[in-house]
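Colleague: Can you read through this structure? Questions will come right after.
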Amino acid sequence: MNKVYNFSAGPAMIPKDVIYQAKKELQNWKKIGCSIMEISHRSEEFIQVALEAEKDLRDLLKIPDSFKVLFCQGGARGQFSAIPMNLLNNSGTADYINSGYWSNCAFIEAKKYCTPRSIFIKKNYNEKESLLPMNQWNINKNAAYVHYCPNETIDGLSIYEEPVFKDKIIIGDFSSVILSRVINVKNYDLIYAGAQKNIGPAGITIIIIREKLIRYSSNIVPSILDYQKISENNSMFNTPPTFSWYLSGLVFKWLKKQGGLKEIEKLNQKKSDLLYKKIDDSDFYINKIDSKNRSQMNVVFHLIDPKLNEIFLKEASELGLNYLKGHSIVGGMRASIYNAMPLEGIKSLIKFMSYFENRYG
Ligand SMILES: *Cc1c(COP(=O)(O)O)cnc(C)c1O
């Protein structure tokens, strides 16, 4: 049996060391005689885990003191509702930058609460797909905030620029890109991400929000989505997903051990460069995204002959290269290569791609 590499888009791979540690301490966590799942979120032991997770996340992202970190539930989609409910602030509109599937989903949800504007930034030029640079985004001056998605998980498109809009509240859906590279948190007002792509198990959603945006919004915001309520209660207004919180904390410690985001960024760059190079060097595989907008996390590619898709997937998975099937709206293949995917996984995939091309190309 070959080593198994899981290219799933999410829930996705978690570092092997972390899974091993969780297994080791599962039955008798910190000598309390049971697992961490079985104790109160208000116990001293769990509060310690929660505080450490926040501290480690703050260290990794260098989050300034003027930002709060909230650990919520409801996933990124929960935030598609929470954001307009908390932040519209009597304004009837907000700007949603449309770069692909997920940013459009956020826009559709916002229509329940206001009349948002969708700003389409996908371009096709010389048969290459790219995104308009930020200085060409046509922001509406009445917008309560600007929402965008720096990594479109399904489309395989990424925005690497950091926002520079003066006097605008900037919100980023970082679900599939958080902790993959160095960012300057100060350039944003709210960053959110579901854990199941680049952090840990599904169930917990991380919100990094400028403290001054946390204020009374309105009586109709459900309490579990109300930033003020969540913040006042240290993210424990209702029972949090304690196991996801704990495991995310282990991943933060693992990231620190790898050398933090600078080192992870280098590795992610190397991993994605190798894979895109393999695709570009061949006439058998193709990716049509402009290099400046190619995702380092979700590498989408097509076989020139789609009739070979099924056999490609079958043979890959026989070798332990799993879940490479692209999302149905894009088709083809998608290799999601988040932080937990080791370089060896990329090398195995490339080796298989060459082998497959030699036989069927
Ligand atoms: C996966 C994903 C979502 C949806 O996340 P849920 O936690 O399932 O709500 C939203 N945005 C992006 C960019 C994603 O990758």
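Just so you know, numbering that gives the first Met the number 0 puts 356 at position 357 of the sequence shown, and the rest follows in order with no gaps.
For each residue, glycine too, the CB sits at the ideal point set by N, CA and C.
(1) Smallest Cα separation from I107: which of G77, M133 and E128?
(2) On a Cα-Cα basis, can you pick out the residue from T238, P149, Y4 and F355 that is closest to F314?
(3) So is the beta-carbon of R76 under 6 angstroms away from any non-hydrogen atom of ligand 1?
(4) Please classify V298 as buried or exposed, where buried requires at least 16 other C-beta atoms within 10 Å of its C-beta.
(5) How big is the Cα-Cα spacing for N233 and L69?
(6) Ligand 1 and D154: does any heavy atom of the ligand fall closer than 6 angstroms to the residue's C-beta?
(7) May I ask whether a heavy atom of ligand 1 can be found less than 6 angstroms away from the beta carbon of S80?
(8) Counting along the chain, where does the alpha helix (DSSP H) carrying A21 start and finish?
(9) Relative to the C-alpha of G248, which residue among L260, E51, S34 and I336 is closest?
(10) If I follow the unbroken alpha helix (DSSP H) through C104, where does it start and stop?
(11) Say yes only if the C-beta of G193 is nearer than 6 angstroms to one or more non-hydrogen atoms of ligand 1, and no if none qualify.
(12) With a threshold of 6 angstroms, establish whether the CB of S117 neighbours any heavy atom of ligand 1.
(13) Measure the Cβ-Cβ separation of D154 and Y100 and say whether it is below 7 angstroms.
(14) Determine contact between the stretch 21 to 37 and the stretch 214 to 229, defined as no fewer than three beta-carbon pairs at a distance below 8 angstroms.
(15) Decide if N88 is buried, meaning its Cβ has at least 16 other Cβ atoms within 10 Å, or exposed.
(16) According to DSSP, which residues form a beta bridge with Y95?
(17) According to DSSP, is R293 helix, strand or coil?
(18) How far does the beta strand (DSSP E) with R333 in it reach, from first residue to last?
(19) Is I190 helix, strand or coil by DSSP?
(20) Name the residue from I310, N103 and Y95 whose alpha carbon lies nearest to the alpha carbon of N141.
(21) Less than 8 angstroms between the CB atoms is what I'm expecting for L86 and Y144, so what's the real figure, rounded?
(22) Rounded to the nearest angstrom, what separates Q227 and I213 at their Cα positions?
(23) Just checking my contact of K276 with E126 at CB under 8 angstroms: how many whole Å lie between their CB atoms?
Modeller: Result, derived from the coordinates:
(1) Comparing Cα-Cα distances from I107 to each of G77, M133 and E128, the minimum goes to G77.
(2) Before going further, note that residue 314 is Glu rather than Phe in the sequence given. When each option's Cα is compared against that of E314, the closest is F355.
(3) The answer is yes for R76.
(4) With 16 or more Cβ atoms within 10 Å of its Cβ, V298 is classed as buried.
(5) Looking at the two C-alpha atoms, the distance is approximately 7 angstroms.
(6) Outside the cutoff, so no.
(7) False, no ligand heavy atom lies under 6 angstroms from that Cβ.
(8) Its alpha helix (DSSP H) spans residues K15 to E24.
(9) Of the candidates L260, E51, S34 and I336, the one whose C-alpha sits nearest the C-alpha of G248 is E51.
(10) Residues Y100 to A109.
(11) At least one heavy atom of ligand 1 is found less than 6 angstroms from the C-beta of G193.
(12) No, since every heavy atom of ligand 1 falls outside the 6 angstroms radius drawn around the Cβ of S117.
(13) Pairing D154 with Y100 gives a Cβ-Cβ distance under 7 angstroms.
(14) No: fewer than three Cβ pairs fall under 8 angstroms.
(15) Its Cβ having fewer than 16 others within 10 Å, N88 is exposed.
(16) Answer by DSSP bridge pairing, in chain order: S117 and H146.
(17) In this structure, R293 counts as strand in the three-state DSSP scheme.
(18) Start and end: M332 to S335.
(19) It is a strand residue.
(20) Among I310, N103 and Y95, the Cα nearest to that of N141 belongs to Y95.
(21) Separation of the CB atoms of L86 and Y144 is rounded to 6 angstroms, and the pair is thereby assigned contact status at 8 angstroms.
(22) Rounded to whole angstroms, Q227 to I213 spans 5 angstroms at the Cα level.
(23) In fact, because the Cβ distance is near 19 angstroms, the residues do not count as touching under 8 angstroms.
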